[in-house]
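A quick write-up on the structure given underneath.
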Amino acid sequence: MNDRYDAGYGDVPYELVGYDEYGQPVYRQIPAQQQPQQPQQHYDPYAQQGYGYDPYATGTQPQTPPYDPYGDTGPQEPAPYDPYGTGTQAQYDPYGQTAASGRQPRVAEQTAYIPQQARPAEEPETEEPETGERADRDYRTEQFAFVEEPDQDSEDVIDWLKFTENRTERREEARRRARARVIALVVVLALVAAGGVGYLWYAGKLPGLGSSDGKTNTATPVGAQKRDVIVVHLHNTAKGGTSTALLVDNTTTQQGTTVLLPNSLAVASDDGSTTTLAKSVDDDGSAGTRDAIDTVLGTEIQGTWRLDTPYLQNLVDLIGNIEVDTDVNVPDPSAKSKGAAPLVRKGKDQTLSGKTAVAYATYQGSSEAQNAQLQRFGQVMQAVLRKLTSDSGGATTTVQTLGMIIEPPLTEKDLGAFLARLADLAKGGDYKTALLPVQDDGTLSQEASASVVKDVLGGTAKSPDKDAAVRVSVRNASGVKDNSGEARVVLLNGGFTFLEGGTASAVATSQVRYSDAADKADATEVAKTLGLPAGAVVKGEVSANADVTVVLGQDYDPKS
Numbered sequence: 010m011n012d013r014y015d016a017g018y019g020d021v022p023y024e025l026v027g028y029d030e031y032g033q034p035v036y037r038q039i040p041a042q043q044q045p046q047q048p049q050q051h052y053d054p055y056a057q058q059g060y061g062y063d064p065y066a067t068g069t070q071p072q073t074p075p076y077d078p079y080g081d082t083g084p085q086e087p088a089p090y091d092p093y094g095t096g097t098q099a100q101y102d103p104y105g106q107t108a109a110s111g112r113q114p115r116v117a118e119q120t121a122y123i124p125q126q127a128r129p130a131e132e133p134e135t136e137e138p139e140t141g142e143r144a145d146r147d148y149r150t151e152q153f154a155f156v157e158e159p160d161q162d163s164e165d166v167i168d169w170l171k172f173t174e175n176r177t178e179r180r181e182e183a184r185r186r187a188r189a190r191v192i193a194l195v196v197v198l199a200l201v202a203a204g205g206v207g208y209l210w211y212a213g214k215l216p217g218l219g220s221s222d223g224k225t226n227t228a229t230p231v232g233a234q235k236r237d238v239i240v241v242h243l244h245n246t247a248k249g250g251t252s253t254a255l256l257v258d259n260t261t262t263q264q265g266t267t268v269l270l271p272n273s274l275a276v277a278s279d280d281g282s283t284t285t286l287a288k289s290v291d292d293d294g295s296a297g298t299r300d301a302i303d304t305v306l307g308t309e310i311q312g313t314w315r316l317d318t319p320y321l322q323n324l325v326d327l328i329g330n331i332e333v334d335t336d337v338n339v340p341d342p343s344a345k346s347k348g349a350a351p352l353v354r355k356g357k358d359q360t361l362s363g364k365t366a367v368a369y370a371t372y373q374g375s376s377e378a379q380n381a382q383l384q385r386f387g388q389v390m391q392a393v394l395r396k397l398t399s400d401s402g403g404a405t406t407t408v409q410t411l412g413m414i415i416e417p418p419l420t421e422k423d424l425g426a427f428l429a430r431l432a433d434l435a436k437g438g439d440y441k442t443a444l445l446p447v448q449d450d451g452t453l454s455q456e457a458s459a460s461v462v463k464d465v466l467g468g469t470a471k472s473p474d475k476d477a478a479v480r481v482s483v484r485n486a487s488g489v490k491d492n493s494g495e496a497r498v499v500l501l502n503g504g505f506t507f508l509e510g511g512t513a514s515a516v517a518t519s520q521v522r523y524s525d526a527a528d529k530a531d532a533t534e535v536a537k538t539l540g541l542p543a544g545a546v547v548k549g550e551v552s553a554n555a556d557v558t559v560v561l562g563q564d565y566d567p568k569s
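Residue numbers for the sequence shown follow my numbering, beginning at 10 and rising by one.
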């Protein structure tokens, strides 16, 4: 038994019009030709019911009109065949259009079926019938699937929007943090720059206020600048002799200097006579020499550092060798042949141990002046300061390790702290070495007074007290060596202070010079004491540490 709804209608003609969404073929009924309204003249196998026959309904249905693919209708058209007998007579339209409303939008989900094809199961309609204009329209549920079916991707979309929003917020937060970091960095750099400028201003290193190239701080007068000065004597225990230098720490300009003092510098001895610096170190000791240097240079030396060559050797070995630009080959004193390799080679950045440092600092060639050896000693001292620690405690420990005997009032702690400050300046490039220019007679020239005594030491030759004896510098130019000693005895007996002025080339006539008109009377009295004529008294250049300068010529007679 065939229970299909289309059983018994196999003779009705159909044609294929396409395929539905399930891949099934879709057919449509071939419409009959339009006929005029008249009684049937041909055989009707379905009891003259036409295509619109309803097997489940009674009565005669209207005749089926001719098929119009575009939905254009003429007079009233009969409703299409309804195999389910639902009572809804809607005209068949392959494009989803109804005859009542003319051309309507096509609904893709509406499907036609042939009578021989099994109709797919459909869900029962639960919607209540509608009235009015909407009831005339044939709407199917599947036509609005895009509205009724829930969007399965809605949660994914929401998650994506949240992810996008969170990522945007994170980017904005990253930008804000980056801007905050940049602002903080700019503030820190500004504070560092301000602090650096303030430090340079305080230290007097700004342009125009001072620099490491030797220019002094113009904001503070040279005489008012604060300086700490220590005198160091290098004693050559092997060959004899001494080398003297002043270590100067200008705390106002933050400059350090080693001032080399030639052994020929004329200074006053304990008995008031003039002697050389070298003799003063040997004869008068540290205290007497320190006072004599203060008198000549107008300085205030805080202490004396006696540095014997064995201690210098230990110091260099203790700090781990030094680098010096040597200017000469130093022969090895222990070499047995003349062609032996030198102990110290000439060249730049030569590494010196304790032994070679002492050899280089004390070396003086046979044809060299003492100043050449003195400058080598200055090189070694500056190299030691560059290598020494800048920590006050560490430098003090180094001094204590050497085991030197420190002369009062200087202590090991004071010396260590002083050397640490100089070491810091030497490492920073704010340190230099200067040689005090001394004339052949041991006196200071005007150049020395301007470039070293005034600028570096900030001093001048101290004037004697009113009750002090007149200081007389005697330079022997008579050609007779003993004349200087004879003049010394005469002047000391006459109540004058004798200052050794050295020797000079022989001259015919003697002179007694004074530079200040107030000293003319003293110069005249000196001439009488020495037995020189009044015409020998002239106004001229006087030694920096003397009131009157005497130049003994060939006309000088000690017995006169």
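Backbone N, C-alpha and C fix where the C-beta goes; we use that ideal spot for every residue, glycine too.
(request) Please name the residue in Y440, L198, V481, G294 whose C-alpha comes closest to that of A532. (result) On the sequence shown, residue 532 is found 523 positions in, with the first residue counted as 1. Among Y440, L198, V481, G294, the Cα nearest to that of A532 belongs to V481.
(request) Kindly list the residues whose CB is nearer than 7 Å to the CB of Y320, restricted to its own chain and excluding five residues on each side of it in sequence; keep chain order. (result) The residue labelled residue 320 in the question sits at position 311 within the sequence shown. Contacts found: L411, M413.
(message) Is any non-hydrogen atom of the ligand ZN found closer than 6 Å to the C-beta of L200, if you look at the structure I gave you?
(response) With respect to small molecules bound, the structure shown includes none, and the ligand ZN cannot be examined in it.
(request) Name, in chain order, the residues that DSSP records as bridge partners for E24. (result) By one-based count along the sequence shown, residue 24 stands at place 15. E24 is bridged to R37.
(request) Check whether the region 459–467 touches the region 536–550, counting contact only when three or more Cβ pairs, one atom from each stretch, lie closer than 8 Å. (result) No: fewer than three Cβ pairs fall under 8 Å.
(request) Identify, in the order they occur along the chain, each residue of the same chain with its Cβ nearer than 8 Å to the Cβ of T406, setting aside the five sequence neighbours on each side. (result) As a first step, residue 406 is located in the sequence shown; it is residue number 397 there, counting from the start. Only G425 meet the Cβ criterion.
(message) Buried or exposed, going by whether 16 or more other CB atoms sit within 10 Å of the CB of K441?
(response) In the sequence shown, counting from the first residue as 1, residue 441 sits at position 432. Its Cβ being crowded by 16 or more others within 10 Å, K441 is buried.
(message) Give me the DSSP bridge partner(s) of L316.
(response) Position 307 of the sequence shown, counted from the start, is the residue given in the question as residue 316. In the DSSP output, where bridge partners are listed per residue, L316 has L243.
(request) Give the range of the beta strand (DSSP E) segment to which K235 is assigned. (result) Taking the sequence shown and counting its residues from 1, one reaches residue 235 at position 226. First-last for K235: undefined, no H or E at that position.
(message) Taking the straight line between their C-alpha atoms, what separation do you get for H244 and V393?
(response) What you label residue 244 is simply residue 235 of the sequence shown in a count that begins at 1. What you label residue 393 is simply residue 384 of the sequence shown in a count that begins at 1. If I take the Cα positions, the gap works out to 17 Å.
(request) Answer with buried or exposed for Y382, where buried requires no fewer than 16 other C-beta atoms within 10 angstroms of its C-beta. (result) Position 373 of the sequence shown holds residue 382. A quick correction: the sequence has Gln, not Tyr, at residue 382. So Q382 counts as buried.
(request) Alpha carbon to alpha carbon, how far is A536 from A526? Give it in angstroms, no decimals. (result) The sequence position of residue 526 within the sequence shown is 517, counting from 1. The sequence position of residue 536 within the sequence shown is 527, counting from 1. Each residue's Cα considered, the two are about 16 Å apart.
(message) I need the DSSP call for K568, collapsed to helix, strand or coil.
(response) Indexing the sequence shown from 1 puts residue 568 at position 559. Collapsing the DSSP output to three states places K568 in coil.
(message) By the three-class DSSP mapping on this structure, what secondary structure does N380 have?
(response) Stepping through the sequence shown from its first residue, residue 380 is reached at position 371. Look at N380 here: in three-state DSSP terms it is helix.
(request) Enumerate in chain order the residues of its own chain whose CB-to-CB distance from D77 is below 6 Å, with the five nearest sequence positions on each side excluded. (result) Along the sequence shown, one-based indexing puts residue 77 at 68. The predicted model places D77 with a pLDDT of 49, which falls under 50 and marks its position as unreliable; any figure quoted below should be read in that light. Close CB contacts of D77 within its chain, under the 6 Å cut and outside five residues either way in sequence, are absent.
(message) Give me, in chain order, the residues of the same chain whose beta-carbon lies closer than 8 Å to that of P45; leave out the 5 immediate sequence neighbours on both sides.
(response) For the purposes of this step, residue 45 is identified with residue 36 of the sequence shown, where counting begins at 1. Low confidence applies to P45: its pLDDT is 46, below 50, so where it sits in the model is not reliable enough to give any reading.
(request) From the DSSP output, in three-state form, read off Q373 for me. (result) As a working note, residue 373 is residue 364 in the sequence shown. Collapsing the DSSP output to three states places Q373 in coil.
(message) Between K345, M390, V337, which has its C-alpha nearest S574's C-alpha?
(response) Residue 574 lies beyond the stretch modelled for the chain, which goes from 10 to 569, so this question has no answer here.
(message) What does the Cβ neighbour count give for L605, buried or exposed, with the cut at 16 atoms within 10 Å?
(response) Nothing in the structure corresponds to residue 605, since the chain is present only between 10 and 569.
(request) Tell me whether E178 sits in a helix, a strand or coil according to DSSP, three-state version. (result) One-based indexing of the sequence shown puts residue 178 at position 169. The answer is helix: DSSP assigns E178 an H, G or I state.
(message) As an exercise, report each continuous alpha helix (DSSP H) stretch of at least 4 residues that is fully enclosed by the region 526–558, in chain order.
(response) 529–539, all fully within the region 526–558.
(message) Can you tell me whether I302 is helix, strand or coil according to DSSP?
(response) Here residue 302 corresponds to residue number 293 of the sequence shown, with the count starting at 1. Per DSSP, reduced to three states, the secondary structure at I302 is helical.
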